[in-house]
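Reviewing the structure listed below.
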Amino acid sequence: MDPWSRRQQPIKVPKLSLTQRYPRTTVCIIIFGGGALLFSRFLYDCFFRGFVEGPRPKMEVDIKMLIETVKNRDPSQKVEHKKWREIVAEQDLIRAERRKLQEEAAAARQSAQE
22 MDPWSRRQQP
32 IKVPKLSLTQ
42 RYPRTTVCII
52 IFGGGALLFS
62 RFLYDCFFRG
72 FVEGPRPKME
82 VDIKMLIETV
92 KNRDPSQKVE
102 HKKWREIVAE
112 QDLIRAERRK
122 LQEEAAAARQ
132 SAQE
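Take any residue in the sequence shown, note its place counting from 1, add 21, and you have its number in our numbering.
Shown next as structure tokens:
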């Protein structure tokens, strides 16, 4: 056996972990993963909510109706801050009442014409 032969005594390579062997790749993966984790809610809202949750009803506030309710409020009444959902629900009730009144008025006109 030849002591200088590489086949008999291969070169010993020190064992390195992947993070020590590829430091730039490790840094890139950490930065990318951290950014994805940091912006995960934003990314979910922008791109994935439509697939996961489906279409959501839009909350539309009618500014004209909001001004009317503020104008018609009793001055002695305490001003209470409402959430958007409460305002939208209140406006839906007002719309339903107005629709009922219009239907009743149309029915009264129909019966008056006959």
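The C-beta atom is built at its ideal place from N, Cα and C for all residues, glycine as well.
Checking 8 Å against the spacing of the C-beta atoms, do VAL82 and ILE108 come in under that value? As a working note, residue 82 is residue 61 in the sequence shown. As a working note, residue 108 is residue 87 in the sequence shown. Yes, Cβ-Cβ distance for VAL82 and ILE108 is below 8 Å.
Extent of the continuous alpha helix (DSSP H) to which CYS49 belongs: For the purposes of this step, residue 49 is identified with residue 28 of the sequence shown, where counting begins at 1. Note, CYS49: alpha helix (DSSP H), 44-59.
Output the distance between the C-alpha atoms of GLY71 and ARG77, rounded to the nearest integer angstrom. Counting from one through the sequence shown, the residue named residue 71 turns up at place 50. Counting from one through the sequence shown, the residue named residue 77 turns up at place 56. A straight line joining the alpha-carbon of GLY71 with that of ARG77 spans about 8 Å.
Cutoff 8 Å; reference LEU87; Cβ partners in own chain excluding five residues on either side: As a position in the sequence shown, residue 87 is number 66, starting the count at 1. Excluding residues within five positions, the ones whose Cβ falls inside 8 Å are ILE108, GLN112.
Please report the distance separating the alpha-carbon of ARG119 from that of PHE68. As a first step, residue 119 must be located in the sequence shown, where it is residue number 98. As a first step, residue 68 must be located in the sequence shown, where it is residue number 47. About 39 Å.
Using CA atoms only, rank isn't needed, just tell me which of MET80, ALA133, ARG45 is closest to TRP105. Residue mapping note: residue 105 aligns to position 84 of the sequence shown, counting from 1. Cα-wise, what sits closest to TRP105 is MET80.
Kindly indicate which three-state DSSP category LEU37 falls into: helix, strand or coil? Here residue 37 corresponds to residue number 16 of the sequence shown, with the count starting at 1. Of the three classes helix, strand and coil, the one that applies to LEU37 here is coil, per DSSP.
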